[in-house]
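Read the structure below first, then the notes.
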Amino acid sequence: MERKADDMKQFALDSMPSFVERISGSEDFEKFKKKATKYGLPMMLVFSENRLVMNEMKYLSTEFRRRVLVAHISLSKKENRNIFFEYGVRGQALISAVPHTGDEEEKQSLVTFDGKWNLHRLRSFFTEHALKTEVKSQPKPDETKKKEEVPPEKQKVKTEL
């Protein structure tokens, strides 16, 4: 790779952080849905024919981290075709927002992005359907017990001066 503007731009875009989860089959999709349910996050499903994740999705997944979960579902994998049929996608690139409702009516409350694919419109779509505040990670049961327990050395008070 030479030090030209195009090569440096490509390097920067390739090394950009991404929190987009790539789905490869029904098992991965079920894990993704369980994760969304566990943390109470809405899901953004990006259906595309290409395996590459768009740079805009990398940016938006980083910007809206812990407010929405983003999944990339590629049609080029045969295992994902049943997910395409399940959500009624016919092969074109599509973004669908599934709000977190906690029940099985998620397909009825599905919202599809139907605007032109540019960063500003995608950002406003994400802003509209993402949570307003970040979800904090739940503390593990071991950590809460450690905070409540006071070591015996600290309980004793010195009476001698």
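For the sequence shown, the residue numbers in the numbering used here are 2 to 162. Ideal placement from N, C-alpha and C gives every residue a C-beta, glycine not left out.
{"query": "Tell me whether M9 sits in a helix, a strand or coil according to DSSP, three-state version.", "result": "helix"}
{"query": "Per DSSP, V69 forms a beta bridge with which residues?", "result": "Answer by DSSP bridge pairing: none, since V69 is not bridged."}
{"query": "List in chain order: all unbroken alpha helix (DSSP H) runs of 4+ residues lying wholly within the segment 29-70.", "result": "56-64"}
{"query": "By how many angstroms is the C-alpha of M17 removed from the C-alpha of A98?", "result": "24 Å"}
{"query": "Nearest by alpha-carbon distance to K78: which of R23, G41 and S62 is it?", "result": "R23"}
{"query": "Taking the straight line between their C-alpha atoms, what separation do you get for P100 and H130?", "result": "7 Å"}
{"query": "Might you give, ordered along the chain, the residues of its own chain that have their beta carbon closer than 8 Å to the beta carbon of S19, omitting 5 neighbours on each side?", "result": "V54, M58, K59, S62 and T63"}
{"query": "Does the beta-carbon distance from F127 to V69 come in below 9 Å?", "result": "yes"}
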